[in-house]
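What follows is a single structure, written as structure tokens, with notes after it.
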Amino acid sequence: MSTENFEVKAYPEMWAELDMDVPRFDKARQMLGEVYGKMYLTQANRPEKMAYFDNMVSEIFGGRIKEMLEVKKTGKPIVGTFCVYIPEEIVVAAGGVCVGLCGGSAGSIPDAEKILPRNICPMVKSAYGFKAGRICPYFQTVDFVYGETTCDAKKKTWEILDRLVPTYVMEIPQMKKARDRTLWIEEVKDFKAKVEEVCKSEISAADLAEAIKVINNKRKALQRLTALRAASPAPISGKDGLLIEQIAFYDEPVRFAEKVNALCDELEQRVAAGIGVIDVEAPRIMVSGTPMALPNWKVHNLLETAGAVVVNEESCIGTRYFKDLIDENQTDMDRQLAALTDRYMQIDCSCFTPNDERIDQVLKEYRSSKAQGILHYSLQFCHTYNIEEIKIREMCEQEGIPYLSIETDYSPEDVGQLQTRIEAFLEQIRG
Ligand code: BJ8
């Protein structure tokens with residue numbers, strides 16, 4: 076697909092039925108298409124199988140929404156989430172759709188700032204603003220949203236969001252002791268009950284077993300993609316890698332896994348033939364930190380425009396989402412829910428204390444991705460990642476890993492300054 080004939084498709088009638096602010100949203104749609112064309116479709120030597128993911132962007136506000144509305148018509152639940160701690164397997168077991176609603180765009184932030192404080196995380200403001208401004212068809216489609224008690228900004232925003240859309244909250248503990256696990260399992264059971272209430276039927280152990288396989292397969296496909304990105308020269312750009320990780324939060328999971336595996340087949344051939352998207356000498360960077368929700372491509376674009384290639388995202392829109400799988404061997408509901416909870420407890424978000432397993436994980440991924448430097452990315456006002464950054468930096472100093480830490484938001488204002496810092500960082504790696 077070329078830049079000229081790419082567009083994010085418009086579905087104004089469907090949007091009107093979803094009670095959206097259609098004229099305003101249509102402008103955002105056009106802008107997204109333009110940005111995507113410039114950032115993505117101008118990349119040289121992209122794998123052919125990226126065509127599917129280009130189409131997923133083209134249909135992001137149309138084709139996928141239609142599919143979700145078809146599911147909704149059958150009485151199955153459409154659940155919006157903001158965090159990888161909410162177990163999507165349970166929604167899939169009920170025949171429903173789980174969709175990530177995190178906001179990655181500056182465009183919706185003014186809507187949020189009419190009510191929320193300005194000095195909170197841009198991801199929270201962006202997400203809230205999409206609902207407040209009626210400018211997100213996903214938000215308009217969900218039956219309810221399920222938040223969590225991870226960071227303070229999110230936890231308190233759910234109380235306000237509940238005025239606009241039914242919002243429930245999963246209590247995620249802050250530590251991982253035995254008593255925290257007991258609480259967690261109870262919270263998972265409450266989530267299951269809420270999903271069952273909407274679809275008016277009980278989830279069976281067989282349903283859950285099947286859903287666990289479906290989501291494990293999705294995570295395995297993403298693991299396979301990550302492993303291939305360790306090749307040198309890199310067979311796929313970091314921007315494309317990040318895009319696929321973002322699409323994982325709204326695509327149909329069985330089809331998504333098939334398409335990622337088809338792409339991986341192509342990448343395997345590239346690796347065998349020594350074909351890359353960029354010169355073998357390009358600095359290889361691992362990005363670690365807060366999630367980058369669609370369409371937040373700011374840092375990857377800066378890094379790759381400056382001649383680097385991003386080879387790994389240690390983030391919730393990245394490996395934190397798919398590094399762990401659920402044991403598929405449990406057959407009764409209680410054991411399945413325990414296995415599921417154990418898997419979710421392995422996620423190493425900085426909202427936990429202590430969280431030293433994340434420091435070990437960053438080093439492990441740095442080595443396995445064959446990166447040559449780590450860029451730590453933290454959204455403004457994200458206290459937990461900003462403070463945990465101290466330990467990541469110390470680890471990098473100890474291991475002699477080139478390191479750059481940035482704290483930013485979604486505005487373009489700091490792009491010039493970030494560009495200068497990123498170029499200096501890449502020079503340091505080039506030596
Ligand atoms: S498991 S990282 S998805 S909480 S960046 S909103 S923490 S102030 S996103 Fe997250 Fe779940 Fe953790 Fe992952 Fe708050 Fe920080 Fe903003 Fe954040």
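Residues 76 to 506 (our numbering) make up the sequence shown, in order. From the three backbone atoms N, C-alpha and C, an ideal C-beta is built for every residue, glycine too.
Distance CB(Pro-27)-CB(Gly-171) smaller than 9 Å:
No statement about residue 27 is possible, as the shown extent of the chain runs from 76 to 506 and does not include it.
Cross-strand partners of Met-245 (DSSP beta bridge):
Glu-223
Distance between beta carbons of Gly-178 and Met-198, contact taken as under 8 Å
Confirmed, Cβ separation roughly 6 Å.
What does the Cβ neighbour count give for Leu-378, buried or exposed, with the cut at 16 atoms within 10 Å?
buried
Give me, in chain order, the residues of the same chain whose beta-carbon lies closer than 6 Å to that of Leu-93; leave out the 5 immediate sequence neighbours on both sides.
Pro-212, Gln-215
Simplified DSSP state of Cys-426, which is helix, strand or coil
coil
If contact is defined by three or more beta carbon pairs under 8 Å, each pair taking one atom from either stretch, is the segment 366-384 in contact with the segment 482-496?
yes
By the three-class DSSP mapping on this structure, what secondary structure does Asn-387 have?
strand
For Ile-319, is the classification buried or exposed, using 16 other Cβ atoms within 10 angstroms of its Cβ as the cut-off for buried?
buried
Determine the DSSP secondary structure at Ile-260, reduced to helix, strand or coil.
helix
Closer than 8 Å: Arg-418 CB and nearest ligand 1 heavy atom
no
Buried or exposed (CB count within 10 angstroms, at least 16 for buried), Leu-239
Looking at its Cβ environment, which holds fewer than 16 other Cβ atoms inside 10 Å, Leu-239 is exposed.
Measuring from the CB of Glu-320, is there a heavy atom of ligand 1 at a distance below 8 Å?
no
Measuring only the C-alpha atoms, how far is Glu-271 from Thr-394?
30 Å
Using only the heavy atoms of ligand 1, determine whether one of them is closer than 8 Å to the beta carbon of Thr-394.
no
Buried versus exposed call for Thr-149 [16 or more other C-beta atoms within 10 Å across all chains shown]:
exposed
Please state whether the Cβ-Cβ distance between Ala-309 and Val-386 is less than 9 Å.
yes
For Ile-360, which beta-bridge partners are listed by DSSP?
In the DSSP output, where bridge partners are listed per residue, Ile-360 has Val-385, Gly-448.
When Ala-302, Ser-307, Asp-282 are compared against Asp-340, the one with the closest alpha-carbon:
Ala-302
What residue range is occupied by the uninterrupted beta strand (DSSP E) comprising Gly-155?
153-156
Any heavy atom of ligand 1 within a distance shorter than 8 Å of the CB on Phe-398?
Reading off the sequence, residue 398 comes out as Lys, not Phe. Because no heavy atom of ligand 1 lies under 8 Å away, the Cβ of Lys-398 does not count as near it: no.
Between Ala-228 and ligand 1, is the CB less than 8 Å from at least one heavy atom?
yes
Contact under 9 Å by Cβ, Glu-188 with Gly-208:
no
Which two residues bound the contiguous beta strand (DSSP E) that contains Leu-479?
478-483
Would you mind working out which of Asn-371, Met-250, Asn-336 sits nearest Met-510, comparing C-alpha positions?
Shown here, the chain extends from 76 to 506; a query on residue 510 therefore has no answer.
Proximity to Ala-228 [Cα-Cα], best of Asp-423, Lys-206, Ser-201:
Ser-201 is the residue among Asp-423, Lys-206, Ser-201 whose C-alpha sits nearest the C-alpha of Ala-228.
Output the distance between the C-alpha atoms of Gln-503 and Pro-477, rounded to the nearest integer angstrom.
8 Å
Val-97 and Trp-90 - do their beta-carbons sit closer together than 9 Å?
Yes, the pair counts as a contact, with Cβ atoms nearer than the cut-off.
Just grab the DSSP bridge partners of Ser-453 for me.
The bridge partners DSSP lists for Ser-453 are Glu-482.
Anticipated Cβ contact below 8 Å, Lys-445 with Ser-307, distance rounded:
6 Å
Starting from Gly-175, follow the beta strand (DSSP E) in both directions and report where the run begins and ends.
172-175
How many whole angstroms separate the CB atoms of Cys-158 and Cys-457, which I take to be in contact at a CB cut-off of 8 Å?
No, Cys-158 and Cys-457 are not in contact; Cβ-Cβ is about 13 Å, not under 8 Å.
Spatial neighbours of Tyr-514 in its chain, beta-carbon cut-off 6 Å, leaving aside the 5 residues before and after:
Since the first residue shown for the chain is 76 and the last is 506, residue 514 is missing from the structure and cannot be characterised.
Rounded C-alpha distance that separates Tyr-221 from Gln-473:
40 Å
Whole angstroms are fine: how far does the CA of Pro-185 sit from the CA of Arg-193?
9 Å
Cα separation between Gly-112 and Gln-455?
Using only the alpha carbons, I get a separation of about 28 Å.
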